[in-house]
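J.:
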Ligand code: F6P
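Residue numbers (the UniProt record's numbering): 1 to 342.
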């Protein structure tokens, strides 16, 4: 078989481990040839690729990023995009295309399947917000990076009796914020799932600081919003891919907390640090397992499926189901987190 592979959307620790697994399973188990298309769908639209054999994938297991590059370019948002992808696949005699990506890439993959393309999906995102899978690789790494940062910020917060606000990634879901907030002992964690009440946030901080030399850590997901009619958030418009421009909620929180409590506050935006560098052991194993499973799906001819993590093993789920709804933080976990607020 000739298997094409692409990595789309934001980079994520574990992508290279998936590529290595696809090359290894394809070449050694089935005798396949694996072709890596460069920079996501862009590589298929422009016909740019490299051979991804076992030799080429040596040493990449612990490396962050993706050796074949990524982009947010989508065939449906590009003039003649779908036709150009089809032409590239025909030219390379691709029997199956494995698309590794987040919500945007997998939605496009699902639509390509509807048009008859032989595609298989592999979910990736540090945000962990893809449906039909219990977790995505990259999430565990991002949570560990955020938790390490919070541990370090505690000592500064304590020394200066400050409020340290930590803004983490998470546009639509607060998985990273909730897990890192819990693991790092945050005073309050604010997530997109529940609009926050600034009065309540400040009351919790004041209660903690009352009469003592205390410090607070406030973890906020970048996509979090205040309760309507409380504080204003400037509209920053959308980027070229239609994504709402985020970044700024941490700054607003710092200003409001200082003004309302009189306690000094500082902001740390973790940003892309959360997405970079080496994956945790769990993410390496999950990525490897998903890569192997994706090649097996291709050989079974089960196109339109996504490989997913469920109940401690890898299963196959319809791509269309996986992209239907974003996975948000469960009310049960939010309740556990709230037990430690204040
Ligand atoms: O990968 C998803 C994500 O990390 C979001 O949480 C974040 O808003 C976005 O990517 C940032 O992407 P970019 O690299 O385009 O700034």
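Cβ coordinates follow ideal geometry from the N, Cα and C atoms, glycine included.
1) Specify the secondary structure class of residue 327 as computed by DSSP and reduced to three states.
2) Sort 323, 164 and 40 by Cα distance to residue 97 and report the nearest one.
3) For a test of the three-state rule: what should DSSP assign to residue 123, helix, strand or coil?
4) If you check the beta carbons only, do residue 175 and residue 129 fall under 8 Å apart?
5) Quick check on the burial criterion: 16 or more other C-beta atoms within 10 angstroms. Buried or exposed for residue 115?
6) I'd like the ranges of any alpha helix (DSSP H) spanning at least 4 consecutive residues and lying wholly in the stretch 225 to 263.
7) According to DSSP, is residue 313 part of a helix, a strand, or is it coil?
8) Nearest by alpha-carbon distance to residue 298: which of 254, 197, 76 and 121 is it?
9) Count the CB pairs spanning the stretch 33 to 51 and the stretch 307 to 322 that are closer than 8 Å, and state whether there are at least three.
10) In angstroms with no decimal places, state the Cα-to-Cα distance between residue 112 and residue 166.
11) What's the C-alpha gap between residue 158 and residue 186?
12) Is the separation between the beta-carbon of residue 64 and that of residue 278 shorter than 8 Å?
13) Give the single residue among 103, 156 and 263 whose Cα lies nearest to the Cα of residue 208.
14) With H, G and I counted as helix, E and B as strand and the rest as coil, what does DSSP make of residue 163?
15) So is the beta-carbon of residue 184 under 7 Å away from any non-hydrogen atom of the ligand F6P?
16) Quick check: is any heavy atom of the ligand F6P less than 7 Å from the C-beta of residue 236?
17) Using 10 angstroms around the beta-carbon of residue 259, count the other beta-carbons present and answer buried if the total reaches 16, otherwise exposed.
18) For the stretch 134 to 219, list the beta strand (DSSP E) runs that are entirely contained and at least 3 residues long, ordered along the chain.
19) Going by beta-carbon coordinates alone, are residue 283 and residue 138 separated by less than 8 Å?
20) Here's a check: name, in chain order, each residue in its chain whose Cβ is nearer than 6 Å to the Cβ of residue 142, leaving out the five neighbours to either side.
21) Can you say whether residue 27 is buried or exposed, counting buried as having 16 or more other CB atoms within 10 angstroms of its CB?
22) With contact counted as at least three CB pairs below 8 Å, one residue from each stretch, are the stretch 212 to 231 and the stretch 191 to 204 in contact?
23) When the Cα of residue 265 is compared with those of 181, 252 and 149, which residue comes out closest?
24) Provide the residue(s) that pair with residue 57 in DSSP beta bridges, ordered along the chain.
25) Would you kindly work out how many angstroms separate the C-alpha atoms of residue 119 and residue 170, rounded to a whole number?
26) Helix, strand or coil for residue 112, going by three-state DSSP, please let me know.
27) Determine the closest residue to residue 188 out of 179, 160 and 217, with distance taken between C-alpha atoms.
28) How is residue 341 classed by DSSP in three states: helix, strand or coil?
29) Count the other C-beta atoms from every protein chain shown that fall within 10 angstroms of the C-beta of residue 85, then say buried if there are 16 or more, exposed otherwise.
30) When every heavy atom of the ligand F6P is checked, does at least one fall within less than 7 Å of the C-beta of residue 189?
31) To the nearest angstrom, how far is it from the Cα of residue 67 to the Cα of residue 16?
32) If you follow the beta strand (DSSP E) that residue 270 is part of, which residue opens it and which one closes it?
T.: With the structure as the only source:
1) coil
2) 40
3) strand
4) yes
5) exposed
6) 249 to 261
7) strand
8) 121
9) no
10) 39 Å
11) 13 Å
12) yes
13) 263
14) strand
15) no
16) no
17) exposed
18) 163 to 168 and 188 to 190
19) yes
20) 126, 176 and 274
21) buried
22) yes
23) 252
24) Residue 57 is not bridged to any residue.
25) 27 Å
26) helix
27) 217
28) coil
29) buried
30) no
31) 7 Å
32) That residue, residue 270, is in no beta strand (DSSP E); it is neither H nor E in DSSP.
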